[in-house]
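Protein chains: 2
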Amino acid sequence: MVNENEEIKISQSELPRIVVVGGGFGGLRFLKKIDTNQYQVVLLDRYNYHTFQPLLYQVATAGLEPDSIAGPLRKSFQNKKNFYFRMATVSCINSDKQEVETNIGRIKYDQLVLACGSLTNFFGNDEFEEKSFPLKQVPHALNLRSQILQNFEKAVLKTDENEMQRLMNYVIVGGGPTGVEVAGALGELKKHVLPKDFPELNLNKMQIYLIEGQERLLGAMSEFSGNKAFEYLKKFDVNIYVGKIVKSFDGETVTLNDGMQIPTETLVWAAGVKGNAISGLTLDITPDNRFKVDDYCQVVDYENVYAIGDVASMFSEGYPKGHPMLAPVAIQQGELLASNLNSLKKNKPWKSFSYQDKGTMATIGRNKAVTELLGKFKFGGFMAWLTWMFVHLILIVEFRSKIVIFGNWLWNYFTYDRGTRLIIRPFVKNKAGKKPKKESQEEVLVA
Amino acid sequence: MVNENEEIKISQSELPRIVVVGGGFGGLRFLKKIDTNQYQVVLLDRYNYHTFQPLLYQVATAGLEPDSIAGPLRKSFQNKKNFYFRMATVSCINSDKQEVETNIGRIKYDQLVLACGSLTNFFGNDEFEEKSFPLKQVPHALNLRSQILQNFEKAVLKTDENEMQRLMNYVIVGGGPTGVEVAGALGELKKHVLPKDFPELNLNKMQIYLIEGQERLLGAMSEFSGNKAFEYLKKFDVNIYVGKIVKSFDGETVTLNDGMQIPTETLVWAAGVKGNAISGLTLDITPDNRFKVDDYCQVVDYENVYAIGDVASMFSEGYPKGHPMLAPVAIQQGELLASNLNSLKKNKPWKSFSYQDKGTMATIGRNKAVTELLGKFKFGGFMAWLTWMFVHLILIVEFRSKIVIFGNWLWNYFTYDRGTRLIIRPFVKNKAGKKPKKESQEEVLVA
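Top to bottom, those sequences are chains W and A. Quick note on numbering: this note's numbering labels position 60 of the first sequence as 60, and the sequence is numbered without any gaps. Quick note on numbering: this note's numbering labels position 52 of the second sequence as 1052, and the sequence is numbered without any gaps.
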């Protein structure tokens, strides 16, 4: 049996040990770059795979197979010596003893890199957490995929028009990239895929609602992009409500702050994220649960503890409100921190972080996207979609995944079809709107 | 809410209604062939997808993604009019009322086709059913895949040699095609894949045991094939014990009938199947839970009830012990029954079933197989493997799956790599050998 109080077995080494918590974009880039001639490196992650989060919505809407957007962590570092992976959930940092506590035991560090990312932010509302569908991990995506397909299997059974309509209504909260992409993908399912699978249903009745609290979509991008996204989504008949907030969801009906009610069994929660800060450090964390770091990613007041990516809150020139919680920030911070640690011996002065914003994008349906490059070039439509696909293929971890994903996209593109419409969780017999299993963020169960 | 006592909603039709239970090989072929100008056809299945069972072992050993070997049932019949699919678990047949009872309601039939396949046969042993890993459905395969990968994640944590060895021992019961294929695929993982992922472990310690009660492997095939399979598996250092029976498994140790003990957490159960006969018909079913049918697949004493495939027990010339429970039998019975029902109106005499045995095969590792064609040609080695791959690609349901599978195989072939080493179920914290969740055959939970 695993003893949580024992030390995790790792080869003895003369080298100082860096423990990295989290194999997301930031952790992965740090690990690629860190010099394991100088350090022994241990990666801890609760999953044994990296998740390519920007494409999770494709899994949730049956466009890609889950394995295509996830890469085994061990495989990524097969040829890296002095590298160790341990599948573990970190519960606490003990900085006095220089160790972290996990579900499989304790582990000592000389340097600690916190790259534990972010969690869905339900803003303290238990009802939303229990009854809505978040989209941060592979199991979330599989769960949403099963829900969507089960809804239609149930809809064909209904004689009551209202019950049927409720199963065919989808409410997405949050008009950021994830919300926009889910809405677009659902629109595509409605238009091209589901009518063929469900000839008995009138798919015109399927209604997609996108609710955004701010006054326009894609608040983090330009107004141009927000407007383009609005325009493209309208072509899929998405009902867009801006400046409105979801007040409650009882599993059957969503109520907005202006009293409007939408009957639905499926509320997709894309309304925000918060840092996944681990307890134990005696410093103030930010209200959104992130570690305050300086320009070198060092956690304030802790000399050998660093944080990168979504869990790090760094204010610097040009970013008085902090950096956006985006993959490129995490990647660049991981790169910088590794390079600084690599030059520690040489006594070179450390370089401070300066974010290179190469652009942001969001895709809507099978051939539309909005793209902003280098803060200057903004464009939409098919060219933006091509750029989007190209960038995602370049970024994705594994060569093999690239082939699979490209093959899937080509297939979808030419056939208007989607490959993976499989429900692989038990058919839900209980009352509408209840998910089959309560999922907490920390121990996400399975699709 | 679904009312189990209400009738399932299906469009009214003048045509007689055929209800088909089960979308496996037999049901699928029947549906392709049945003339829906003459009949309204309703397919019931507890999953919304067809499973290509011969390749389940590839999913279980991380060679293929689950979605590659499963095809959405609705998609298969998109262009078939008067076809209806309902995702439902059938609980009972009420032949007096000519209806079946399901978890989503009752449904009337004019003709009933039982194509409900087979279940893993634990021969009444609850311990095996609870603690071993069967391999009949996609969730089973995902469960076994997670177990195998978790074992190695746990093994790297162990300081106790015995505990580590137990995690690296695999016992497979049953030397038929499934057992042989799993053993070969595990041998391949041991030789080519795992050493790269787990450089800390001495993979020579991984031991694969294949236990067969009869005196040789592949009892349903020729002695030539049995011997070849034995020879190929020996090259993967598989420990083969024939003429031995597994007596007990407490989750930590397998005990054989001669007293031999093997410490392991993973017992793969490939020792046999039994029919999945549904209750309600007042006739004797066979000891292995199948419906007795005549040469026309008609269930004995029931004029408008038919059974095909694994759930049908048919004795005929050349098969005094009944037909083997194999996909080709199910496919040919489905084809014949559909053609007989199609000619019902024309008053043509019905054709009786005559099994065309085109051959059987089993594969061992990435480029070895044994193949027997037309009862005459027996060969092994690479040519047999090529034949095996070709036949499986031809048989597989969907064009898209073919591309994905072929791509995966090519990739594995040239890289000695396997793509899908993801654990997507919760990390098991409880005591060794306990599966995270009891799975009954009827309500298989999730990987």
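Backbone N, C-alpha and C fix where the C-beta goes; we use that ideal spot for every residue, glycine too. Note that this is a predicted model, so its numbers are computed, not measured.
How far does the alpha helix (DSSP H) with residue i in it reach, from first residue to last?
i	result
N227 of chain W	223-235
V182 of chain W	177-188
V59 of chain W	56-60
Q1150 of chain A	1138-1155
K1274 of chain A	Counting along the chain, K1274 of chain A falls outside any alpha helix (DSSP H), though it belongs to the beta strand (DSSP E) covering 1273-1275.
V329 of chain W	327-342
E4 of chain W	Run containing E4 of chain W: none; DSSP gives neither H nor E here.
F1455 of chain A	Lying before the first or after the last residue shown, residue 1455 of chain A is absent from chain A, which here runs from 1001 to 1447.
Taking the straight line between their C-alpha atoms, what separation do you get for residue i and residue j?
i	j	result
E127 of chain W	T1178 of chain A	46 Å
D1067 of chain A	S354 of chain W	42 Å
G1184 of chain A	S1091 of chain A	38 Å
D96 of chain W	I285 of chain W	18 Å
I18 of chain W	V305 of chain W	10 Å
V1238 of chain A	M1389 of chain A	23 Å
S11 of chain W	K1235 of chain A	32 Å
V444 of chain W	K131 of chain W	Its pLDDT being 30, under 50, V444 of chain W is placed unreliably in this model, and the coordinates cannot settle the point.
G380 of chain W	L393 of chain W	19 Å
V1293 of chain A	M1314 of chain A	5 Å
Q147 of chain W	K321 of chain W	37 Å
N48 of chain W	T61 of chain W	24 Å
G359 of chain W	L1135 of chain A	47 Å
E1231 of chain A	E4 of chain W	45 Å
P426 of chain W	Q150 of chain W	For P426 of chain W, the pLDDT reaches just 41, beneath the cut-off of 50, and the residue's location in the model is therefore unreliable, leaving the point undetermined.
A1307 of chain A	E1101 of chain A	17 Å
L1194 of chain A	F85 of chain W	14 Å
G124 of chain W	D288 of chain W	11 Å
K1437 of chain A	L1218 of chain A	Bear in mind that the predicted position of K1437 of chain A carries a pLDDT of just 40, short of 50, making it unreliable; the figure below should be weighed with that in mind. Taking the straight line joining both Cα atoms gives about 32 Å.
E223 of chain W	V370 of chain W	11 Å
R216 of chain W	S225 of chain W	10 Å
G407 of chain W	V391 of chain W	16 Å
L1210 of chain A	A1141 of chain A	18 Å
V1059 of chain A	G1023 of chain A	20 Å
Taking DSSP's pairing of strands, which residues face residue i in a bridge?
i	result
E1369 of chain A	Note on residue identity: the sequence assigns Ala, not Glu, to residue 1369 of chain A. DSSP output for A1369 of chain A lists A:T1363, A:G1381 as bridge partner(s).
H1392 of chain A	H1392 of chain A pairs with nothing; no bridge assigned.
E101 of chain W	W:C92, W:R106
W269 of chain W	W:V173
H50 of chain W	W:G71
Q1298 of chain A	A:Y1306
T120 of chain W	W:V273
R1017 of chain A	A:Q1040
L1112 of chain A	A:V1019, A:V1305
K1292 of chain A	A:S1313
N1239 of chain A	A:Y1209
Y355 of chain W	According to DSSP, which records beta bridges pairwise, Y355 of chain W is partnered with nothing at all.
D451 of chain W	The requested residue 451 of chain W does not occur in the structure, where chain W is confined to residues 1 to 447.
F133 of chain W	W:V268
Anything in chain D within Cβ reach of residue i, meaning under 7 Å, just list it in chain order.
i	result
G23 of chain W	Looking at the structure shown, chain D is missing, and the protein chains on hand are W and A.
Please report the residue range of the beta strand (DSSP E) in which residue i lies.
i	result
N1169 of chain A	1169-1173
K81 of chain W	First-last for K81 of chain W: undefined, no H or E at that position.
Q1207 of chain A	1207-1212
S1248 of chain A	1246-1249
P1195 of chain A	Premise fails: P1195 of chain A lies in the alpha helix (DSSP H), 1194-1197, not in any beta strand (DSSP E).
P263 of chain W	261-263
L256 of chain W	253-256
I1285 of chain A	Careful: I1285 of chain A lies outside any beta strand (DSSP E) and carries neither H nor E.
Could you round the C-beta distance between residue i and residue j to whole angstroms and report it? I think they count as a contact, below 8 Å.
i	j	result
A1220 of chain A	P1324 of chain A	6 Å
L1031 of chain A	F1291 of chain A	Their Cβ separation, rounded to whole angstroms, is 19 Å, which puts L1031 of chain A and F1291 of chain A out of contact at 8 Å.
W385 of chain W	Y296 of chain W	With a Cβ gap of about 38 Å, W385 of chain W and Y296 of chain W do not count as contacting.
F1052 of chain A	A1330 of chain A	That pair is no contact at about 13 Å.
L1144 of chain A	V1254 of chain A	Going by Cβ atoms, the distance from L1144 of chain A to V1254 of chain A rounds to 16 Å, so no, they are not a contact pair.
Should residue i be listed as close to the ligand MG, given that the test is whether its C-beta is under 8 Å from any heavy atom?
i	result
T1363 of chain A	Judged by which ligands are present, the structure shown has none, so any question about the ligand MG falls away.
Count the C-beta pairs between the stretch 260-270 of chain W and the stretch 157-167 of chain W that are closer than 8 Å, then say yes if the count reaches three, no if not.
-> In short, these stretches touch, since the Cβ pair count reaches three.
Would you say the stretch 1300-1316 of chain A touches the stretch 1068-1078 of chain A, given that touching needs at least three Cβ pairs under 8 Å?
-> no
Are three or more beta carbon pairs between the stretch 330-342 of chain W and the stretch 364-384 of chain W nearer than 8 Å?
-> no
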